[in-house]
Structures are given as C-alpha cells and as structure tokens.
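Student: Under numbering that gives the first Met the number 0, the sequence shown has 372 at position 373, and the numbering climbs by one with no breaks. Before I ask anything, here is the structure I am working with.
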Amino acid sequence: MAFQRPRRFDRNLIVIGAGSAGLVAALVAAKLGAKVTLVEANAMGGDCLNTGCVPSKALIHAAKLVADARGAERAGLLGPVGPVDSAAAFAHVRAAIEAIGPHDSVERYRSLGVDVRLGHAHITSPWTVAIDGAELSTRAIVVATGAEPVVPDIPGLADSFFLTSETLWRLHRAPARLAILGGGPVGCELAQAFSRLGSAVTLVQRGARLLPREDDAVSAFVRERLEADGVRVLTGATVASVTRSELRMGDESSVPFDSLVVAVGRKARTAGFGLEELGINRTEAGTIAVTAYLQTRWKNIYAVGDAAGPFQYTHAAGQQGWMAAVNALFWGLPRLRPDNGAIPAVTFTDPEIARIGLTEREAAARGVKVVVTHYGLADLDRAIVDEAPGFIRVLTAPGRDRILGATIAAPRAGDMLAEVALAMRRGIGLKGLFGSLRAYPTYSEAVGAVAGRWREGNAPTRVLPWLARLHAWRLG
Ligand SMILES: Cc1cc2nc3c(=O)[nH]c(=O)nc-3n(C[C@H](O)[C@H](O)[C@H](O)COP(=O)(O)OP(=O)(O)OC[C@H]3O[C@@H](n4cnc5c(N)ncnc54)[C@H](O)[C@@H]3O)c2cc1C
C-alpha cells in the first residue's frame with residue numbers, strides 16, 4: 000500500500016467517535032496543548048450517554064423506587080400500592096440524559112479547546128481523514144467508533160419489529176408483555192427493571208446460566224433475585240423462529256410478547272470508514288487488532304474502547320482513550336499500556352454484582368490454584384437491618400493473601416468493589432484490608448469481614464498452642 004505522507008499536518012490528532020473513549024482522548028489531547036479534531040457521526044456522548052449506561056441506570060433507579068414502595072407494606076404501609084404508570088419512569092430516563100448531556104456536549108468540548116465536527120469520518124490514508132468529504136491531514140488518529148448490537152440469525156426475527164439497546168429508549172411505557180433474548184448483563188438488568196415497572200417479562204437465555212461470565216453461585220443468585228421480582232427465566236432455551244407476537248421455541252412451546260428486545264451482545268463497529276483499505280486487521284472477536292499500547296498495524300493509528308475491546312465498559316474505554324492520546328502525541332517516549340488484569344465490572348441488577356480479576360471458572364480453566372474465601376451478608380449487621388441478601392467471595396493464591404479476584408453480590412456492590420480494586424492495584428493483600436477500619440454499620444465492613452475469614456483460615460497454627468501456654472503461665 001503506497002500512501003503519500005504529508006510534509007505538514009493540519010492536526011496533531013483526529014479522534015473518530017465522541018463516546019466514552021473518544022471524548023477522553025480528545026480532552027486529554029487538548030489539555031496537552033495539541034491541535035485536535037473530534038468527529039461524531041451521531042450523538043455526542045455515544046452509547047453510554049444516549050443508549051447505554053445512563054438510560055439503563057435511570058430506568059433501574061425508577062424501577063427500584065417502585066419495588067421499594069411495594070416492599071413498604073412490610074414496614075407497616077397500610078393498603079396496597081396502586082398501579083404503576085411507567086411513562087414517568089421513561090420521562091426520568093430522558094431527564095437523566097438531558098441532565099448529563101451537557102458534560103459531553105459540542106459546546107463544552109469546543110470551550111475546552113477541541114475542534115468538534117459533526118459528520119461521518121472516513122480514513123483515506125494513514126495521515127488523512129475525510130469528514131463528510133472535507134479532508135484534514137493529521138499526525139495521528141484515534142479510532143473510537145464503539146460497538147453495535149448483534150442481531151442473531153433467527154427465522155422471522157428481521158420482520159418482527161424487535162428492539163435493541165439502541166432503539167429501546169424510544170418506548171414511552173413498559174409493554175404489557177416483554178420478551179428479552181439474552182441473559183447477559185444488559186438482558187438481566189432490563190428484565191428486572193421492566194418487571195418491576197409492570198411488564199410480564201420472559202428472559203430467554205440460550206446457555207445454561209444467566210451471566211455466563213460469572214461463577215455458578217452468582218448466576219444462581221441472580222436468577223433467584225430476578226424470579227423473586229416476577230421475571231420468568233428460561234435457560235438452555237432455543238428460539239426456533241419469531242413472529243410479530245411470539246417466540247416459537249425449540250421445544251414447541253411459545254412465548255407471546257407485545258415487545259421483543261434482542262440483547263445477545265454487541266460487536267465492534269469496524270466497517271465502512273476506511274480500515275479495510277489500510278489493511279488494519281480484526282481479531283477473532285471482531286474487534287480492531289491493537290498492540291498492548293493500543294496501536295494498529297499503522298503505528299500512528301490507535302483504536303480504543305468497544306471498537307478495540309477486549310472490554311465493553313465505559314471506564315475501560317475512558318482509560319484506553321487517555322492512554323492512546325498520550326501515546327499518540329508523545330510517540331517514542333515511555334508509553335502507556337492499560338492493565339487488563341484488574342478491570343472492575345458491575346451488573347446493575349438489584350442487588351448489584353461486582354467483579355474484578357479472576358473468577359473461579361477462569362482460574363480453573365487456566366490451571367491457576369486458588370483459595371476461595373466466602374462471607375455471606377446474612378452475618379453482616381447492615382445487611383440484616385436492610386434485609387439485603389448477598390455475599391462476597393475473594394480468590395487468593397494458596398497460603399498467600401494477595402487478591403487474584405473478587406466478586407461481590409450486594410446493594411452498591413459496585414461501590415464496595417472500589418476498595419478491592421485499589422488493594423489489587425496497590426498490591427495490598429487481605430491482611431492489609433483486615434487492618435483497615437470501616438464505619439459501622441456499612442456494607443464496606445463485609446470487605447473487612449471476608450479478610451477476617453481469610454485470617455482465621457490462615458492463623459499461625461504452631462504459635463497458638465504456645466500462646467495458650469504463655470497465658471496459662473501468666474495466670475500464676
Ligand atoms: C444497555 C447498556 C448498558 C450499559 N451499561 C454500562 C454500565 O453500566 N457501565 C459501563 O461501564 N458500561 C456500560 N455499557 C457499555 C458502555 O456503554 C460502552 O462500553 C461505552 O459506551 C463504549 O464507549 P466507546 O467510546 O468505545 O463507544 P461508543 O460510546 O459507542 O461511541 C462510539 C461513537 O463513535 C461514533 N462513530 C462511529 N463511527 C463513526 C464514524 N465513522 N465517524 C464519526 N463517528 C463515528 C458513534 O456514533 C458513537 O457515538 C452499557 C451498554 C449498553 C448497551
């Protein structure tokens with residue numbers, strides 16, 4: 000491929016896509032004094048603000064208010080809680096997007112020194128990008144084009160007016176009967192929220208368990224919580240075909256619906272903007288192939304966020320965005336590489352599921368020997384008064400207190416995980432966590448308690464009998 004490298008450049012950096020990854024990349028570049036252009040073809044803020052984290056968490060919040068109101072009977076609320084008008088929940092979703100929108104707006108980014116262009120970017124050479132036809136030259140490019148929903152090849156699906164995480168937010172009310180295909184984080188979060196808002200929800204999962212990335216105990220726990228909220232969960236279920244009003248299942252049964260949501264995963268957006276012409280490869284997972292420093296085969300072209308993977312989280316996208324921007328602008332100096340080993344991940348069901356590092360399944364698959372320390376919230380005072388089920392499980396290497404992974408199922412588990420994440424990053428083991436003081440009664444005490452369990456299991460057995468003798472002797 001012969002491309003002519005320009006002798007002068009219009010820009011230090013062009014960032015394609017103004018989602019979680021691209022926004023951070025552009026901001027960091029502007030802060031570092033670079034001349035940077037950020038191109039967005041659709042809506043500033045990308046998936047997270049418009050169709051992902053923000054609307055889903057707003058819907059989950061509204062649904063929790065309803066669930067809590069229903070639970071208030073146990074606290075002596077007299078009389079039944081009335082019917083729910085879910086239009087208010089969807090109004091809350093739109094209000095949340097509007098409230099957070101200014102953080103990601105064209106105005107804000109222009110005021111911070113970023114040249115924002117609304118249009119479709121096409122990479123025409125390793126050093127040039129055409130924005131709706133108008134070409135700019137640049138020293139470096141960051142590709143942050145995100146991901147889009149996967150639509151499985153099921154007979155009839157294409158004609159069934161199905162929704163995805165991108166189109167779902169056009170709804171103004173929860174449908175009476177909702178079918179959801181896919182029991183991953185998005186499917187589970189939506190199933191519980193819609194059920195609480197009054198939909199009769201059927202969650203259809205092809206695999207044997209919900210949340211297949213998690214350990215068996217977690218999948219079973221989430222299933223139990225979803226069913227307690229009225230969700231009908233079908234696992235090991237195949238959909239043979241889809242009509243406009245029902246799923247025809249492999250076992251000849253059917254699932255009638257008023258709306259169908261397809262949430263079977265999202266695939267990197269890599270086509271139609273010039274990568275193929277530059278010979279930039281994709282991985283087996285369909286993401287853009289990058290080095291540990293986030294470079295593609297063209298060293299001045301970086302790829303970040305959902306487009307590059309391996310994660311599909313806003314915080315991972317943001318971290319990759321700033322690292323790629325720094326690498327792109329100071330190429331040749333010590334370069335940044337994300338640590339993919341300790342990325343926190345949260346599924347925002349109620350209770351939340353928060354995970355970091357290895358799961359038991361991953362450890363077994365990789366032949367890594369681990370000790371699992373379990374602490375159930377049934378023993379935690381705060382969880383007892385709140386009537387909150389859950390647990391924390393921590394994986395350590397045998398005989399050592401170094402944390403290899405942790406999963407927490409609890410209210411605000413995502414927040415609790417921050418302490419474990421910091422410990423892992425800073426090399427603080429369970430002994431160090433045990434020594435830290437937490438306010439009573441808080442959920443964070445569960446972290447100290449699991450560390451205490453580990454200590455009990457690893458007490459110095461040879462010393463203890465001597466200590467007992469010493470104390471006996473001191474009695475006189
Ligand atoms: C329902 C749902 C809930 C989620 N909840 C969470 C959560 O709670 N926590 C979490 O961490 N993550 C969550 N995620 C994932 C999170 O939204 C993504 O990981 C994150 O938004 C990825 O950011 P990104 O910048 O890589 O891509 P995106 O945000 O998708 O941004 C890519 C942008 O690039 C633009 N673009 C693409 N091609 C071009 C082009 N050629 N020219 C110009 N612009 C282009 C697109 O229009 C888009 O705006 C959720 C996702 C979904 C679907």
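Every residue gets a Cβ at the ideal spot worked out from N, C-alpha and C, and that includes glycine. Keep in mind that this is a model prediction, so the values were computed, not measured.
Just to confirm, are Leu177 and Ile99 a CB contact at a threshold of 8 Å?
Tutor: no
Student: What do you reckon, is the C-beta of Asn339 under 7 Å from a heavy atom of ligand 1?
Tutor: no
Student: To which residues of the same chain is Ser104 closer than 7 Å at the C-beta, ignoring the five residues directly before and after it?
Tutor: The residues are Met43.
Student: Going by alpha carbons, who is nearest to Ile391 out of Leu416, Ile383 and Arg381?
Tutor: Leu416
Student: So Glu418 and Val384 are in contact, right, with Cβ under 8 Å, and what is the actual spacing, rounded?
Tutor: With 8 Å as the limit, Glu418 and Val384 do not qualify as a contact, their Cβ atoms being about 21 Å apart.
Student: Ser534: beta carbon under 7 Å from a heavy atom of ligand 1?
Tutor: Look at the range of the chain in this structure, 0 to 475, and you will see that residue 534 is not part of it.
Student: Could you give the first and the last residue of the continuous alpha helix (DSSP H) run that contains Pro309?
Tutor: Neither: Pro309 is in no alpha helix (DSSP H) and is coded neither H nor E.
Student: Whole angstroms are fine: how far does the CA of Met423 sit from the CA of Thr242?
Tutor: 49 Å
Student: Can you give me the Cβ contacts of Arg454 inside the same chain, cut-off strictly under 6 Å, excluding the 5 residues immediately before and after it?
Tutor: Phe433
Student: What separation, rounded to the nearest whole angstrom, lies between the Cα atoms of Ala307 and Ala291?
Tutor: As the crow flies, the alpha-carbon of Ala307 is around 11 Å from that of Ala291.
Student: Whether or not the stretch 50-57 and the stretch 124-140 are in contact is what I'm after, with contact meaning three or more pairs of Cβ atoms, one per stretch, closer than 8 Å; do they touch?
Tutor: no
Student: Output yes or no for whether 8 Å exceeds the beta carbon distance between Val23 and Ala29.
Tutor: no
Student: Three or more C-beta pairs under 8 Å: does that hold for the stretch 348-367 against the stretch 322-330?
Tutor: The stretch 348-367 is not in contact with the stretch 322-330.
Student: Have a look at Ala175, Ala62, Ala387 and Gly118 and flag the residue whose alpha-carbon is nearest the alpha-carbon of Phe256.
Tutor: Ala175
Student: At 4 residues or longer, what runs of the alpha helix (DSSP H) sit wholly inside the stretch 371-432?
Tutor: 380-385 and 412-425
Student: What are the boundary residues of the beta strand (DSSP E) that Tyr439 is part of?
Tutor: Unbroken run through Tyr439: none, as it is neither H nor E.
Student: May I ask you to verify whether the stretch 70-78 touches the stretch 199-208, counting CB pairs closer than 8 Å and requiring at least 3?
Tutor: no
Student: Cβ of Tyr312 versus every heavy atom of ligand 1: is any distance shorter than 7 Å?
Tutor: yes
Student: Starting from the Cα of Val53, find the closest Cα among Ala236, Asp158 and Ala95 and give me that residue.
Tutor: Ala95
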